[in-house]
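Number of protein chains: 2
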Amino acid sequence: MNRGRRTVLVTGARGFVGAACLPLLAARGFEVVAVTSAEVPADSPGLKWQRCDLLDPATCAALIGTERPTHLLHLAWITTPGTFWSSPANLGWLAAGARLASEFYRSGGGRAVGLGSCAEYAIPDDAPCIEDVTPLGPATVYGKAKAAMHLAIQAAAQAHGKSYAWGRLFFPYGPGEAVGRFIPSVIRGLLARDPVACTHGLQVRDFIFVSDAAAACVALLESDRSAAYNIGSGTGVSLRQVAEALGRTLGGADLVRYGARQPPAFDPPRIIADVGRIGRDTGWAPRVGLEDGLARSVDAQRAGAAATHTQIANPAPGAAR
Amino acid sequence: MNRGRRTVLVTGARGFVGAACLPLLAARGFEVVAVTSAEVPADSPGLKWQRCDLLDPATCAALIGTERPTHLLHLAWITTPGTFWSSPANLGWLAAGARLASEFYRSGGGRAVGLGSCAEYAIPDDAPCIEDVTPLGPATVYGKAKAAMHLAIQAAAQAHGKSYAWGRLFFPYGPGEAVGRFIPSVIRGLLARDPVACTHGLQVRDFIFVSDAAAACVALLESDRSAAYNIGSGTGVSLRQVAEALGRTLGGADLVRYGARQPPAFDPPRIIADVGRIGRDTGWAPRVGLEDGLARSVDAQRAGAAATHTQIANPAPGAAR
């Protein structure tokens, strides 16, 4: 390995958060090997694409052997809206991730960051989630598999004497978000003057703009601390507040029909991140406020740029309309 | 699937606990498919052996597809004395186990039992470990991978709408225990009149006779409750007390040299199971007291029957001499 070479393997690189990480990694001087199971865009300076089925252990090991990454940013997971919460495919992604992390370190890699979810916590009704304080207690198949992956990446790092970080993502939104999710659904309805069927909308969620979430991933990759870190804004807003903000921008707030849909089975009243640890350990802080982020989402959706991704990196509980 | 057919796939079937489960399963009327990566003994009525590398996903899926087990007793794991605590191979076993559990349920299996370890707990210094009360906090690679496997089997059962149990084994001992571990080491030394190098010996552990541990696994397999269960005696004894009991039987207690070895890095002062839950839910209780169990261990070792296994199903922390 060349001294000073920094090559990062990014899985899920065409996903919602993954795509937002790529320019940030390039700006930090990483050589980026971007992995996707989908179609591969053209390479560009500092950015090489690899099409790879990570669920196939042999393919995955061959990729690591060829690229010899010094860093791993593992974002790939099943994220199919509507099914990822309870799909058995979560087990395949856990198995693939455990092998990937171990193979990465075995081949000389030094720093891995994996992406988990607020769904790993036993969500408290009235307090923010704090790493190592709020008990874990994943209610869903997805949350359990992500919590297992956290243990797997920890175990792999420990077995090889290397370091890791585990980001627990809260509710990412912004340009590129999948159409079926809450914010794009409301924007689409208001733009088209179509009714938007919502749940009661009183759920409080911690929304984090996608480029801020990506910057958090990159900050964790460049740190050397081994721990779990919440990635959120630290602030909760209700889905109604979000829809009302969009209504102020676009008009047609009365098109949003609260109570027209049943909430999903897993739908805690409040999900808010405490983000003290990531701030203290990496200096990262969110930069894009909600009004600004929503305006950018509206602009992107008006421009037709939104929702072209077949995968999103980390859909958030209760955020689908 | 024939109504009423009960076919159990037993992995790690030549291991320490696995071998003890086979006659109990046959006695309960199970058709047993016993899997091992080692050499395959001859089949017998109700017991069919399959040699299989569970670390190979395709082989494992083919086995499930052929045998269509209704029950799964998953005991296989890396157990190489001295290395299993920190080996990266734990990640491979996690990946294999996650796939196995998911494939088992997908193919119509209804009930899976996996074997974990007391090493999953953040072991309290002065209280027994209680499921869902004592926090998890595995210090070792092995403990982390086992805790991840618990989440994986839970997730697989939930995704397929089936049931599971997870046994957290404490300190199994008895005929067939690997030679390098504490009790066989002391017996061997006292029988040969050789000095036995031990740690300080003040560690208190919860020893469970191997046939009792096997009976607990079978009881969990026949239950329909989905939960984690401690498998132990509920009673702690120090390693010194064990050695002294053996000295009373065999003579030569002065051959045991306390303090001649450094304790391992992970060596809590007390590790004791609360076994209330398994008793309440299955009616299981340990039958073999320590004096009796040690006498049987001595008899087996005298007869040269001990320690012929290359794998043991679940070596226990601090039990190696």
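Here the protein sequences line up with chains A and B, keeping their order.
Going by this note's numbering, the first residue of the first sequence is number 1, and it counts up by one from there.
Going by this note's numbering, the first residue of the second sequence is number 1, and it counts up by one from there.
Beta carbons: idealized from backbone N, C-alpha and C, even for Gly.
Can you pull the chain A residues whose beta carbon is under 7 Å from the beta carbon of B:His-160, in chain order?
Pro-88
Please confirm if B:Ser-102 has its CB atom under 8 Å from at least one CB of chain E.
Structure shown: chain E not included; protein chains present are A and B.
Contacts of A:Pro-57 in chain B (Cβ-Cβ under 8 Å):
Pro-57, Ala-95
Going by DSSP, what residues sit across from B:Ala-112 in a beta bridge?
B:Leu-72, B:Tyr-164
Compare the C-alpha of A:Ala-89 against each of B:Ser-102, B:Leu-91, B:Ala-89, B:Ser-87 and name the closest.
B:Ser-102
Taking 8 Å as the CB-CB limit, is B:Val-141 close to chain A?
yes
Quick check on the burial criterion: 16 or more other C-beta atoms within 10 angstroms. Buried or exposed for B:Ser-44?
Burial call: exposed.
Please work out which residues of its chain come closer than 6 Å, Cβ to Cβ, to B:His-160, disregarding the five sequence neighbours upstream and downstream, and give them in chain order.
Tyr-105
Report the option in A:Arg-296, A:Ile-78, A:Ala-147 whose CA atom is closest to the CA atom of A:Tyr-121.
Taking each of A:Arg-296, A:Ile-78, A:Ala-147 in turn and checking the Cα distance to A:Tyr-121, the smallest one comes out for A:Ala-147.
Rounded to the nearest angstrom, what separates A:Ile-64 and A:His-150 at their Cα positions?
Rounded to whole angstroms, the gap between the alpha carbons of A:Ile-64 and A:His-150 is 20 Å.
Under 8 Å from the C-beta of A:Arg-168: neighbouring residues of chain B
What A:Arg-168 touches in chain B: nothing, since even the nearest Cβ is about 15 Å away.
Looking at the C-beta of A:Gly-92, does it have a partner C-beta in chain B at a distance below 8 Å?
yes
A:Ile-208 versus A:Gly-304: straight-line alpha-carbon distance, rounded
22 Å
From B:Asp-281 to B:Arg-225, what distance separates their C-alpha atoms?
8 Å
Which residues in chain A have a C-beta closer than 7 Å to the C-beta of B:Arg-277? List them in chain order.
Residues of chain A passing the Cβ test: none, with the nearest at roughly 18 Å.
Mind checking which residues open and close the beta strand (DSSP E) that includes B:Ala-227?
227-231
From this set, B:Pro-269, B:Ala-20, B:Arg-51, which residue's C-alpha is nearest B:Tyr-173's C-alpha?
B:Ala-20
Taking C-beta pairs closer than 8 Å, name the residues in chain B that A:Arg-99 reaches, listed in chain order.
Leu-91, Gly-92, Ala-95
Can you name the residues of chain A whose CB is closer than 8 Å to the CB of B:Leu-151?
Pro-138, Lys-144, Ala-145, Ala-147, Ala-148, Leu-151
Helix, strand or coil at A:Gln-301 [DSSP, three-state]:
A:Gln-301: helix per DSSP, three-state reduction.
Residues of chain B with a CB under 7 Å from the CB of A:Arg-106: which are they?
Correct list: Pro-88.
Would you please verify whether the beta carbon of A:Ala-155 is less than 8 Å from any beta carbon of chain B?
yes
Distance, Cα to Cα, A:Arg-6 vs A:Leu-25?
A:Leu-25 has its alpha-carbon roughly 10 Å from the corresponding atom of A:Arg-6.
Using only the alpha-carbon positions, how far apart do A:Phe-16 and A:Gly-176 sit?
If you draw a straight line from the Cα of A:Phe-16 to the Cα of A:Gly-176, it comes to about 6 Å.
For the alpha helix (DSSP H) that contains A:Ala-192, what are its first and last residues?
182-192
As an exercise, report each continuous beta strand (DSSP E) stretch of at least 3 residues that is fully enclosed by the stretch 210-290 of chain A, in chain order.
Listed in chain order, they are 227-231.
By the three-class DSSP mapping on this structure, what secondary structure does A:Arg-14 have?
coil
For A:Leu-169, is the classification buried or exposed, using 16 other Cβ atoms within 10 angstroms of its Cβ as the cut-off for buried?
buried
DSSP three-state call for B:Cys-129: helix, strand or coil?
strand
Classify A:Pro-195: buried if its beta carbon has 16 or more other beta carbons within 10 angstroms, exposed otherwise.
exposed
Along the alpha helix (DSSP H) that carries A:Thr-66, what are the first and last residues, could you check?
57-67
Mark A:Glu-325 as exposed unless 16 or more other C-beta atoms lie within 10 angstroms of its C-beta, in which case mark it buried.
Since the first residue of chain A shown is 1 and the last is 321, residue 325 of chain A is not available in this structure.
Mark A:Gly-108 as exposed unless 16 or more other C-beta atoms lie within 10 angstroms of its C-beta, in which case mark it buried.
exposed
Alpha carbon to alpha carbon, how far is A:Val-288 from A:Asp-212?
7 Å
Given 8 Å, three or more beta-carbon pairs between the stretch 246-259 of chain B and the stretch 182-198 of chain B
yes
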